[in-house]
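**Student:** Residue numbers (UniProt numbering), protein chains in the order written: chain A, 1 to 329; chain B, 1 to 329.
Protein chains: 2
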Amino acid sequence: MKKLINSPGSVVDDALVGLAAAHPALAVDFERRVVSRAVCPAGPKVALVSGGGSGHEPLHIGFVGPGMLDAACPGELFTSPPPDRILAAAQAADSGAGVLFVVKNYTGDVLNFRLAAELAAEQGHRVATVLVDDDVAVRDSAAGRRGTGATVVVHKTCGALAERGAALEEVRELGERVVAASRSFAVALAAGTNPETGRPGFDLAEDEIEVGVGIHGEPGRRRERLRPANELAATVVDAVLEGNRPGPGDRPIVLVNGLGATPLIELYVVCAAVTARLAEHGVTPARTLVGSYVTSLDAAGFSLTLTAADRLMLELWDAPADTPALVRA
Amino acid sequence: MKKLINSPGSVVDDALVGLAAAHPALAVDFERRVVSRAVCPAGPKVALVSGGGSGHEPLHIGFVGPGMLDAACPGELFTSPPPDRILAAAQAADSGAGVLFVVKNYTGDVLNFRLAAELAAEQGHRVATVLVDDDVAVRDSAAGRRGTGATVVVHKTCGALAERGAALEEVRELGERVVAASRSFAVALAAGTNPETGRPGFDLAEDEIEVGVGIHGEPGRRRERLRPANELAATVVDAVLEGNRPGPGDRPIVLVNGLGATPLIELYVVCAAVTARLAEHGVTPARTLVGSYVTSLDAAGFSLTLTAADRLMLELWDAPADTPALVRA
């Protein structure tokens, strides 16, 4: 394991110190591990709070700022934050118009955010939750689909709607519509290595890939030989469109996302291949975002997220934002 | 070699197709490999043109747009673009106020941009050049210091000054001052693999790092054992400050840059370590940018760039920009 760290146990805290140093617009509560906006919104607005295990940066800490999240609570690597930290994030973020929890569908996150919501309600906070479950690789699990790239689309669109002064129920309803319109699928060329264990989540031969992998190194649908990007993209596009083809009025938002160790030039090669395969299906993206936004430590590979956006979602996607990882002028 | 590509020979062209698909604000001339703004500036302004070998993305193609470059010409992987392509970029970009070439100090780039400048002058274009040579790892080479991270600072500050309507000579002079105020140094945990050769630029043992590495896998000052991020950062900070300590009136701009395969969480760990070491030297960054901006294919590691900025440079650093890789609201 070769990593730029001090010790496996200090990675999350050290990274938060670096985040705070680089982004004075963020307030970082190091003790409770809560990242919030240094300058609160002018008046009451619905507060967006998200979080989950660390190791997926910039998700979620890099999306705190005007137009997106009000607070994020990062857990240990690949481990949900405990309920009291989530509660602390809700307290830091609530400006009087209620709090929306954006939760990725993993057992620990679902449980801890639910407990935090109960604790927050006891303290008089109004809390609603959007559960993100966009990963079509998992089909028959009792826990349902995993939450991955669609989280970014929910952060961006719901964040913009909250900024416009919409009510909590309205923002939650948009979030659920975005989730329903979103599907994702990922391919890994190499698993990430959790510094706590020092070993990759799984081993692949020099010519093997994991198709349908999760962002914590969860195994996928199958193991295959590495193929040219055009063929891989076709597999991934077909999986994402299966059973969720955008309608004639939809204006798809496409996210070509790197898993952490894949350089941008390869993501652009994948983007070209994805765009071409979508065209073969008659699907024309309205917007395409390319970069590493939902990562899996130093895993190599990519995920594709497609949101069959309506006009409102697209307008909110384009709205101003000012966060470490996503800025819209 | 595991990469998301179609074939080694098509990487640059495929990536340009993806770039064009994701960024409709860019015009891509696929035949001549010139990336320029789809919408030209309203009136004549100094045009910024840069380029160099591919494999360093988002440099330079990701910095084309309002507030930064007017055009970029990407060469083959790690290979300078030929003079006629650079000329084509200058032609595409010149709006009547002259063209500033921003050139990294490598033999091929220097030669080809010089030839292109001569060709452009013959056609009536006014051309000036800023040569970027910030990498202090190279001390005694006849070719001088290599150009790396400072290129981003030159793109951003000169781009903003050009946007304000400054004259060619004024923008060139600023660029030279930024270069003179900038120093960089890089450490690699793994070399990048050029798909044309299929082998990494050099081999490192599981516990080895290359200290003072170049962005084309050029060897550094020495090979060392991997150490904790705090110690590595101290080495790098000390190298960057050696002989170029910011003066009392300077407001340092710091770039903590990933080499391509290093995930953001590690870069934030490095950022914390760099900030702490700078504090020990009495240096307080005015701005810190963290991310992978000047890469070396899928090399793992980081570089540090420090620009001892004056008030004008800082103001220009903060000015609006709207490019694929850097947006300022």
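Note that beta-carbon positions come from the ideal geometry of N, C-alpha and C, so glycine has one too.
Since we're looking at a predicted model, the values are computed, not measured.
Can you list the residues of chain A that B:Ala-229 reaches, using a CB-CB cut of under 9 Å?
**Tutor:** Lys-3, Leu-4, Ile-5, Asn-6 and Asp-14
**Student:** Going residue by residue through the region 176-250 of chain A, where are the continuous beta strand (DSSP E) segments of at least 3 residues, counting only ones entirely within it?
**Tutor:** 182-190, 208-211 and 222-225
**Student:** Determine the DSSP secondary structure at B:Arg-172, reduced to helix, strand or coil.
**Tutor:** helix
**Student:** Assuming the contact rule is C-beta atoms closer than 8 Å, A:Asp-134 and A:Ser-182 should be a hit. Round their C-beta distance to whole Å, please.
**Tutor:** 4 Å
**Student:** Say whether chain A places a C-beta atom closer than 8 Å to the C-beta of B:Gly-282.
**Tutor:** Not one chain A Cβ lies under 8 Å of B:Gly-282.
**Student:** Anything in the region 263-279 of chain B with a Cβ closer than 9 Å to a Cβ of chain A? List those residues in chain order, please.
**Tutor:** Pro-263, Leu-264, Ile-265, Glu-266, Leu-267, Tyr-268, Val-269, Val-270, Cys-271, Ala-272, Ala-273, Val-274, Thr-275 and Ala-276
**Student:** If the cut is a Cβ gap below 9 Å, which residues of chain A does B:Glu-206 touch?
**Tutor:** Met-1 and Lys-2
**Student:** Note down the Cα distance separating A:Val-99 from A:Leu-4, rounded to an integer number of angstroms.
**Tutor:** 36 Å
**Student:** In chain order, what residues of the same chain lie with their CB nearer than 6 Å to the CB of B:Leu-254, ignoring the 5 residues before and after it?
**Tutor:** Here the sequence assigns Val to residue 254 of chain B, which means Leu is not the residue at that position. Only Pro-285, Thr-288 and Leu-306 meet the Cβ criterion.
**Student:** Would you mind telling me which residues of chain A sit closer than 8 Å to B:Val-327, beta carbon to beta carbon, in chain order?
**Tutor:** At a C-beta separation below 8 Å, B:Val-327 has these neighbours in chain A: Val-327, Arg-328 and Ala-329.
**Student:** From A:Ala-329 to B:Ala-325, what does the alpha carbon distance come to, in whole angstroms?
**Tutor:** 13 Å
**Student:** Quick one: Cα of B:Asp-250 to Cα of A:Arg-33, how far?
**Tutor:** 33 Å
**Student:** Going along chain A, which residues have a C-beta under 9 Å from B:Ala-186?
**Tutor:** In chain order: nothing, as chain A lies at least about 12 Å away.
**Student:** Taking 8 Å as the threshold (beta carbon to beta carbon), is residue 338 of chain A in contact with chain B?
**Tutor:** What is shown of chain A runs 1 to 329, which leaves residue 338 of chain A out entirely.
**Student:** Measure from the alpha carbon of A:Ser-303 to the alpha carbon of each residue in A:Arg-146, A:Leu-316, A:Gly-175 and A:Asp-318, then state which is nearest.
**Tutor:** A:Arg-146
**Student:** Could you tell me whether the region 86-95 of chain B touches the region 41-60 of chain B, where touching means 3 or more Cβ pairs closer than 8 Å?
**Tutor:** yes
**Student:** Just the C-alpha distance for A:Gly-67 and B:Glu-57, rounded to the nearest angstrom, thanks.
**Tutor:** 27 Å
**Student:** Check whether the region 176-191 of chain A touches the region 231-242 of chain A, taking contact to mean three or more Cβ pairs, one atom from each stretch, closer than 8 Å.
**Tutor:** yes
**Student:** For B:Leu-59 versus B:Val-256, is the C-beta spacing smaller than 8 Å?
**Tutor:** no
**Student:** So the beta strand (DSSP E) B:Glu-76 belongs to, where does it begin and stop?
**Tutor:** 71-77
**Student:** Just to confirm, is the Cβ distance from A:Ala-15 to B:Ile-215 under 8 Å?
**Tutor:** The answer is no: Cβ separation not under 8 Å.
**Student:** Please state the DSSP three-state secondary structure of A:Thr-107.
**Tutor:** helix
**Student:** Can you pull out the residues from the region 238-250 of chain B whose beta carbon lies closer than 8 Å to at least one beta carbon of chain A?
**Tutor:** none
**Student:** Going along the chain, which unbroken runs of the beta strand (DSSP E) with 3 or more residues stay wholly within the region 107-151 of chain B?
**Tutor:** 127-132
**Student:** Of all Cβ atoms in chain A, is any one closer than 8 Å to the Cβ of B:Thr-295?
**Tutor:** yes
**Student:** For chain B, find out if any of its Cβ atoms is closer than 8 Å to the Cβ of A:Gly-124; answer yes or no.
**Tutor:** no
**Student:** To test your reading of the DSSP string, which unbroken alpha helix (DSSP H) runs of 4 or more residues are found completely within the region 12-97 of chain B?
**Tutor:** 83-93
**Student:** Apart from the five residues on each side of it in sequence, which residues of its chain come closer than 6 Å, Cβ to Cβ, to A:Val-211?
**Tutor:** Val-187, Gly-220, Arg-221, Arg-222 and Glu-224
**Student:** Give, in chain order, every residue of the region 73-87 of chain B whose Cβ lies closer than 8 Å to some Cβ of chain A.
**Tutor:** none
**Student:** Would you mind reading off the limits of the alpha helix (DSSP H) that contains A:Arg-287?
**Tutor:** Element bounds for A:Arg-287: not the alpha helix (DSSP H) but the beta strand (DSSP E), 287-291.
**Student:** With a Cβ-Cβ cutoff of 8 Å, do A:Gly-217 and A:Ser-296 count as a contact?
**Tutor:** yes
**Student:** Determine the direct distance from the alpha carbon of A:Pro-81 to that of A:Ala-321, and round the result to whole angstroms.
**Tutor:** Spanning the two alpha carbons is a distance of roughly 26 Å.
**Student:** Touch check for the region 190-201 of chain B and the region 105-119 of chain B: three-plus C-beta pairs under 8 Å?
**Tutor:** no
**Student:** With DSSP as the reference, please indicate the residues paired to A:Val-99 in a beta bridge.
**Tutor:** A:Ala-47 and A:Val-127
**Student:** List the whole-angstrom C-beta distance separating A:Val-102 from A:Val-154, where the pair is believed to meet the contact cut-off of C-beta under 8 Å.
**Tutor:** Taking C-beta atoms under 8 Å as the contact rule, A:Val-102 and A:Val-154 qualify, at a distance of about 5 Å.
**Student:** To the nearest angstrom, how far is it from the Cα of B:Gly-124 to the Cα of B:Leu-168?
**Tutor:** Whole-angstrom Cα-Cα distance: 15 Å.
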